[in-house]
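Colleague: Below is the structure I would like to discuss, written out as structure tokens.
In our numbering, the protein residues as written are 2 to 335.
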């Protein structure tokens with residue numbers, strides 16, 4: 002039995018959530034900055050952290066109001082400690098430390114990717130052993146989970162993460178930021194008629210999207226030089242077909258090799274319709290978080306924090322944020 006208040010501020014969303022008994026989400030308030038950063042074509046770290054400072058108290062008050070509980074009813078404070086933008090992480094961490102100290106309750110520093118993975122545990126129940134397919138703007142990884150809160154990274158990207166590749170292709174096609182959701186919509190209105198290379202087709206569990214991204218950029222550049230029109234929807238469909246087929250194939254192969262019970266898809270790109278369609282054909286059950294938990298939010302941090310609370314995985318008040326943390330070291334018992 003636990004009531005966890007969680008804070009997520011790793012990038013351009015400030016979010017506070019309150020989760021009771023690992024499943025009952027009492028509140029999940031998200032203050033997004035997409036409209037602000039859209040004019041710059043990407044997240045500006047200094048602006049993101051400044052806006053977090055401006056709204057963190059209001060978001061906290063709103064979460065407590067929606068949950069209809071007092072701070073004294075909380076059992077612990079969970080907070081994203083990294084990876085992420087250092088300035089943004091600091092805002093959430095200082096708020097969390099202040100609350101934990103004032104209320105004399107435990108502080109739980111949560112790895113951002115562990116949060117994305119355990120977003121699947123709010124409305125579903127993860128069955129182990131499992132394979133987590135992490136797909137986001139900063140990460141593309143395959144994580145083997147033999148037991149609850151045990152992480153072994155068996156595959157990663159050598160260069161661009163898939164979300165990053167989508168945004169870069171979106172910029173080449175002059176799409177608004179973020180480009181990923183727009184490309185996904187365009188792909189479903191076009192046909193995969195352009196010939197693009199399959200990235201890192203080497204039988205490993207690792208990924209590489211730099212070559213695929215460069216192929217799209219070169220194709221667009223060459224067409225511009227020849228004053229030829231690019232069929233945007235078809236190019237989006239071609240890019241998405243290769244990218245998502247590569248990701249789903251490697252995930253399903255790894256899941257078969259490891260004999261897992263299910264594949265857990267996590268991260269912002271788990272909202273991609275093309276990926277969901279590919280994984281729907283998986284012979285091993287694949288679960289996705291509801292759309293509202295795909296992008297950064299505090300509910301996912303509360304979900305991971307609740308499991309950590311049960312395992313007594315608490316942090317000291319001198320914990321520091323870091324732009325990079327080793328996920329494997331976050332395993333229970335380490």
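Backbone N, C-alpha and C define an ideal beta-carbon position, used for all residues, glycine too.
Counting Cβ pairs closer than 8 Å, one from the stretch 285–292 and one from the stretch 120–127, do we hit at least three?
Modeller: Yes, since at least three Cβ pairs between the stretch 285–292 and the stretch 120–127 fall closer than 8 Å, the two stretches touch.
Colleague: Where do the ends of the beta strand (DSSP E) carrying residue 83 lie?
Modeller: 77–83 is the extent of the beta strand (DSSP E) around residue 83.
Colleague: Give me the residue from 293, 302 and 208 with the minimum Cα distance to residue 23.
Modeller: It is 302 whose Cα lies nearest to the Cα of residue 23.
Colleague: With residue 20 as the anchor, note down where its beta strand (DSSP E) starts and where it stops.
Modeller: Per DSSP, residue 20 belongs to the beta strand (DSSP E) from 14–21.
Colleague: As an exercise, report each continuous beta strand (DSSP E) stretch of at least 3 residues that is fully enclosed by the stretch 92–143, in chain order.
Modeller: DSSP runs (the beta strand (DSSP E)) wholly in the stretch 92–143: 108–112 and 131–136.
Colleague: With 8 Å set as the bound, which would you pick, yes or no: does the beta-carbon of residue 244 sit closer than that to a beta-carbon of chain B?
Modeller: Among the chains in the structure shown there is no chain B, since it carries only a single protein chain.
Colleague: How would you call residue 52, buried or exposed, if buried means at least 16 neighbouring beta carbons within 10 angstroms?
Modeller: Label assigned to residue 52: buried.
Colleague: When the Cβ atoms of the stretch 49–68 are set against those of the stretch 15–30, are three or more pairs found closer than 8 Å?
Modeller: Output reads yes: the stretch 15–30 touches the stretch 49–68.
Colleague: Do you know how far the Cα of residue 201 is from the Cα of residue 215?
Modeller: One C-alpha to the other measures close to 14 Å.
Colleague: Who pairs with residue 145 in a beta bridge, going by DSSP?
Modeller: For residue 145, which the question treats as bridged, DSSP gives the partners 132 and 153.
Colleague: With DSSP as the reference, please indicate the residues paired to residue 296 in a beta bridge.
Modeller: Partner(s): none; residue 296 has no beta bridge.
Colleague: Determine the burial state of residue 129: buried for a count of at least 16 other Cβ atoms within 10 Å of its Cβ, exposed for fewer.
Modeller: Its Cβ having fewer than 16 others within 10 Å, residue 129 is exposed.
Colleague: Report the three-state DSSP secondary structure of residue 266 (helix, strand or coil).
Modeller: In the structure shown, residue 266 sits in a strand (DSSP, three-state: E or B).
Colleague: Could you give the DSSP three-state label for residue 65: helix, strand or coil?
Modeller: Helix, per DSSP.
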